[in-house]
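Colleague: Can you read through this structure? Questions will come right after.
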Amino acid sequence: MIPTWRLRAAFARRLSGMYGAEVPAYTTLLEVAGEVNDEVARRDPDAGRLGALARVTAERHGAIRVGTPRELCQAAQIFAALGMRPVGFYDLRDATTSAVPVVSTAFRPVEPEELARNPFRVFTSLLTTADRRFFDAGLQTRLETFLERRTLFPPELLRLAERAERERGLEPDEAERLLTLAVAAFELSPEPVDRAWYTELARISAVAADIGGVTSTHINHLTPRVLDIDALYRRMADRGITMIDEIQGPPRWDGPDVLLRQTSFRALDEARTFREPDGSVTTGALRVRFGEVEARGIALSRAGRARYDALTTETDRRLAASGPGGPARQDVARALWEAGFPRSEHRLAAEGLGYFTYEPSPTRPRDRRRPPADLAGLLAQGWLTAHPIVYEDFLPRSAAGIFRSNLTGQGTRDATRTGTPYDEHRLSEAVGRPVHDPFEIYAAQQDASLRHALEALGADDA
Ligand code: OOG
Ligand code: NI
Numbered sequence: 085m086i087p088t089w090r091l092r093a094a095f096a097r098r099l100s101g102m103y104g105a106e107v108p109a110y111t112t113l114l115e116v117a118g119e120v121n122d123e124v125a126r127r128d129p130d131a132g133r134l135g136a137l138a139r140v141t142a143e144r145h146g147a148i149r150v151g152t153p154r155e156l157c158q159a160a161q162i163f164a165a166l167g168m169r170p171v172g173f174y175d176l177r178d179a180t181t182s183a184v185p186v187v188s189t190a191f192r193p194v195e196p197e198e199l200a201r202n203p204f205r206v207f208t209s210l211l212t213t214a215d216r217r218f219f220d221a222g223l224q225t226r227l228e229t230f231l232e233r234r235t236l237f238p239p240e241l242l243r244l245a246e247r248a249e250r251e252r253g254l255e256p257d258e259a260e261r262l263l264t265l266a267v268a269a270f271e272l273s274p275e276p277v278d279r280a281w282y283t284e285l286a287r288i289s290a291v292a293a294d295i296g297g298v299t300s301t302h303i304n305h306l307t308p309r310v311l312d313i314d315a316l317y318r319r320m321a322d323r324g325i326t327m328i329d330e331i332q333g334p335p336r337w338d339g340p341d342v343l344l345r346q347t348s349f350r351a352l353d354e355a356r357t358f359r360e361p362d363g364s365v366t367t368g369a370l371r372v373r374f375g376e377v378e379a380r381g382i383a384l385s386r387a388g389r390a391r392y393d394a395l396t397t398e399t400d401r402r403l404a405a406s407g408p409g410g411p412a413r414q415d416v417a418r419a420l421w422e423a424g425f426p427r428s429e430h431r432l433a434a435e436g437l438g439y440f441t442y443e444p445s446p447t448r449p450r451d452r453r454r455p456p457a458d459l460a461g462l463l464a465q466g467w468l469t470a471h472p473i474v475y476e477d478f479l480p481r482s483a484a485g486i487f488r489s490n491l492t493g494q495g496t497r498d499a500t501r502t503g504t505p506y507d508e509h510r511l512s513e514a515v516g517r518p519v520h521d522p523f524e525i526y527a528a529q530q531d532a533s534l535r536h537a538l539e540a541l542g543a544d545d546a
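Going by this note's numbering, the first residue of the sequence shown is number 85, and it counts up by one from there.
Here is the structure:
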């Protein structure tokens with residue numbers, strides 16, 4: 085029997101092989117990421133603090149986009165076979181983010197042991213066909229009819245995925261079949277693209293055309309994790325690959341690494357066949373697959389996240405006030421962080437802004453002194469040691485930036501109309517499984533470790 089986590093690891097590996105064969109710049113990205121990770125591991129004895137090198141080197145996230153709740157349920161079934169559950173709700177339709185007609189979640193393992201074995205995740209977006217800011221009633225109907233007719237995932241794949249979920253693994257031949265069918269479902273299809281239909285949707289939104297203008301889905305990027313994203317950014321430029329203007333997320337600074345920093349290179353032209361309105365088949369090109377890389381830091385609590393969001397808003401405000409030719413975003417952000425964010429992991433933990441697991445310190449007092457009751461005291465007086473919990477999720481603003489950097493046109497959107505309300509409950513209904521709240525996952529892990537640590541301190545006395 086091949087257990088769930090091995091299916092997940094094998095799927096991530098095969099997908100990476102497929103993507104490397106089809107998108108050569110991705111192979112360059114992997115090479116550079118590997119070099120940078122090895123260098124960081126050699127120079128920094130603490131490099132493993134946010135994940136063992138073996139995990140970080142194998143770590144990937146991908147992204148797919150689907151058109152209907154039915155397709156989303158099916159994707160969820162395939163990911164469930166690999167031990168990945170929907171976590172987090174991201175609404176990217178908002179003008180302040182990107183005005184892209186999708187809502188999203190990310191499928192990923194949730195238990196710490198499973199993440200340590202292989203943390204593969206897939207950011208998954210659902211087209212919001214009923215959103216009147218993008219689609220009028222007539223187009224909504226034609227779009228939904230088109231989507232209802234297509235089959236993204238063959239029935240055999242879904243049957244195998246159900247069995248794999250139920251039995252927590254598969255026999256080797258069935259595992260082989262599941263993996264082959266699953267990788268094929270995420271490849272770019274050679275099927276001709278209907279030119280008129282694709283163009284009509286692309287006028288509204290390039291994302292709508294990418295999702296609803298074709299009869300299949302595809303992984304649109306596959307992101308490796310790197311331990312020093314600034315070094316990687318420079319080195320990609322040296323290799324002649326142009327990255328987007330900046331690294332998204334927190335600035336580089338000498339305080340703790342938190343959340344997620346990402347950058348990407350734009351989609352490149354790929355040859356595709358088209359069916360023209362007169363029925364003839366022609367060749368052309370589309371830009372739908374791109375490359376991204378990320379560095380992960382410590383997960384923030386709700387309070388920490390609110391602090392992060394406030395610093396981001398203030399950075400925007402100052403940049404807008406200084407106008408073009410003003411200081412670089414990174415510099416403005418860094419100055420604000422230095423004044424407004426904890427400079428050490430210790431402070432991040434003591435102020436309850438970041439998530440950590442705790443254990444009794446091996447050098448804690450053993451003279452029958454009573455430990456203090458508060459976390460800050462327990463840390464300051466050397467009773468407990470804190471280990472950071474890595475952020476395993478995404479940032480809506482960075483996700484929006486990724487979408488936006490790959491849109492060919494602005495699209496058209498009628499902001500005077502209102503959008504369909506969407507939240508994690510509605511998304512849970514669409515997925516057919518509960519969408520987990522990421523804060524609850526981190527908090528549960530932290531609280532369990534703290535409980536055990538306090539019990540152990542109590543036992544010292546007994
Ligand atoms: C997904 C973009 C979001 C990320 O890393 O934030 C994402 C997409 O383009 O479909 O992958
Ligand atoms: Ni991504």
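Note that CB positions come from ideal geometry on N, CA and C, so glycine has one too.
Note that the structure is predicted; figures quoted are calculated from it, not measured.
1) In the DSSP output, which residue or residues are listed as bridge partners for D175?
2) If distances are taken between C-alpha atoms only, which option among G339, L134, W421 and R98 comes closest to D393?
3) Just to confirm before moving on: does the CB-CB distance between A96 and R144 stay below 8 Å?
4) Can you list the alpha helix (DSSP H) stretches of 4 or more residues lying completely in the stretch 213-260, in chain order?
5) Where in the stretch 144-173 do unbroken runs of the alpha helix (DSSP H), each at least 4 residues long, occur, reported from the N-terminal end onward?
6) Where do the N-terminal and C-terminal ends of the alpha helix (DSSP H) with R391 fall, by residue?
7) Residues around the ligand NI, please: the condition is that the C-beta lies closer than 6 Å to some non-hydrogen atom of it.
8) CB of S300 to nearest heavy atom of the ligand OOG: below 7 Å?
9) Figure out for me which residue from P446, D477, R481 and A483 has the closest Cα to the Cα of G466.
10) Drop a sphere of 10 angstroms on the beta-carbon of R206, count the other beta-carbons inside from all chains shown, and report buried for 16 or more, exposed for fewer.
11) Are the stretch 228-247 and the stretch 530-544 in contact at 8 Å, needing three or more beta carbon pairs?
12) Around the Cβ of M85, are there at least 16 other Cβ atoms within 10 angstroms (buried) or fewer (exposed)?
13) Measuring straight from C-alpha to C-alpha, what distance separates R481 and H302?
14) Hey, is R149 close to the ligand OOG, as in C-beta under 7 Å from one of its heavy atoms?
15) Please name the residue in E260, T235 and L236 whose C-alpha comes closest to that of L244.
16) Across the stretch 330-341 and the stretch 394-414, are there enough close Cβ pairs to call them in contact, namely three or more that are closer than 8 Å?
17) With H, G and I counted as helix, E and B as strand and the rest as coil, what does DSSP make of V515?
18) Taking the alpha carbon of A125 as the point to measure from, which residue in L114, L113 and A138 has its own alpha carbon closest?
19) Is V474 near V310, with beta carbons less than 8 Å apart?
Modeller: Taking the structure as given:
1) Bridge partners of D175: V187.
2) Closest in alpha carbon position to D393, among G339, L134, W421 and R98, is W421.
3) Yes, they are a contact pair.
4) Entirely contained in the stretch 213-260, the alpha helix (DSSP H) runs reaching 4 residues are, in chain order, 221-233 and 239-251.
5) List check, alpha helix (DSSP H) in window: 153-165.
6) That run of the alpha helix (DSSP H) goes R386 to S406.
7) Any heavy atom of the ligand NI within less than 6 Å of a residue's beta carbon puts that residue on the list, which reads H145, A147, F207, H305, T307, E376 and I486.
8) Here the distance from the Cβ of S300 to the nearest heavy atom of the ligand OOG is not below 7 Å.
9) Answer by Cα proximity: P446.
10) Note that residue 206 is Val in the sequence shown, not Arg. Around the CB of V206, 16 or more other CB atoms lie within 10 Å, so the residue is classed as buried.
11) With a cut-off of 8 Å, the stretch 530-544 and the stretch 228-247 do not count as touching, because too few Cβ pairs lie within range.
12) Residue environment for M85: exposed (fewer than 16 other C-beta atoms within 10 angstroms of its C-beta).
13) C-alpha separation (whole angstroms): 23 Å.
14) Short note on R149: C-beta closer than 7 Å to some heavy atom of the ligand OOG.
15) Taking only the C-alpha atoms, the option nearest L244 is E260.
16) A contact exists between the stretch 330-341 and the stretch 394-414.
17) Look at V515 here: in three-state DSSP terms it is helix.
18) Distances from the CA of A125 to each of L114, L113 and A138 were compared; the closest alpha carbon is that of A138.
19) Cβ distance not < 8 Å, so V474 and V310 don't count as in contact.
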